[in-house]
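I have placed the structure first, in the form of structure tokens, so that the comments after it can refer back to it.
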Amino acid sequence: MRVILSPQARAEYIEAIEWYRHQAPGLDKRLRAAFTVARTRIAANPLQFPSVIGGTRRALLQDFPYLVIYRVTGGAVQVIAFFHTSRNPRQWQRRI
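Residue numbers (our numbering): 1 to 96.
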């Protein structure tokens with residue numbers, strides 16, 4: 001199934017990559033790899049991850065404190081947030 005990032009989710013993802021790039025060599029690449037794994041798993045079986053609210057689901061990235069918040073719409077998966085787990089969830093919940 002096709003996975004599409006919303007503009008907000010894409011901006012959050014890029015911001016996280018930039019932050020990790022400045023923390024230690026290679027951390028940004030590890031984050032990208034973890035996201036690729038999550039994205040592949042979501043695309044293969046989007047219903048495998050827990051349902052949250054308003055028809056959304058969440059996938060936790062391996063080794064990083066980020067959630068991929070998404071919903072299945074038609075024949076695609078729309079990622080609505082790339083969300084750090086320490087943030088207030090109301091920030092992404094306003095998007096649904």
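Each residue gets a CB set at the ideal place from its N, CA and C atoms; glycine is no exception.
Exposed unless 16 or more other CB atoms sit within 10 angstroms - verdict on residue i
{"i": "Leu47", "result": "exposed"}
{"i": "Glu18", "result": "exposed"}
{"i": "Ile53", "result": "exposed"}
{"i": "Ala38", "result": "buried"}
Contacting residues, own chain, Cβ-Cβ under 7 angstroms from residue i (five flanking each side not counted)
{"i": "Ser6", "result": "Gln78, Val79, Ile80"}
{"i": "Leu117", "result": "Summary: the structure shown does not reach residue 117, with the chain confined to residues 1 through 96, and so no result is reported for it."}
For residue i: DSSP bridge partner residues
{"i": "Tyr20", "result": "The partner list for Tyr20 (beta bridge, DSSP) is empty, contrary to what the question assumes."}
{"i": "Ala81", "result": "Ile69"}
{"i": "Arg57", "result": "Ser51, Tyr70"}
Alpha carbon of residue i to alpha carbon of residue j, nearest angstrom
{"i": "Tyr66", "j": "Thr36", "result": "13 angstroms"}
{"i": "Ala9", "j": "Gly26", "result": "22 angstroms"}
{"i": "Thr85", "j": "Arg71", "result": "18 angstroms"}
{"i": "Arg58", "j": "His22", "result": "27 angstroms"}
Neighbourhood of residue i by C-beta distance below 8 angstroms, restricted to the same chain and skipping five residues each side
{"i": "Gly75", "result": "Met1, Arg2"}
{"i": "Ile96", "result": "Ile53, Gly54, Gly55, Thr56, Arg71, Ile80"}
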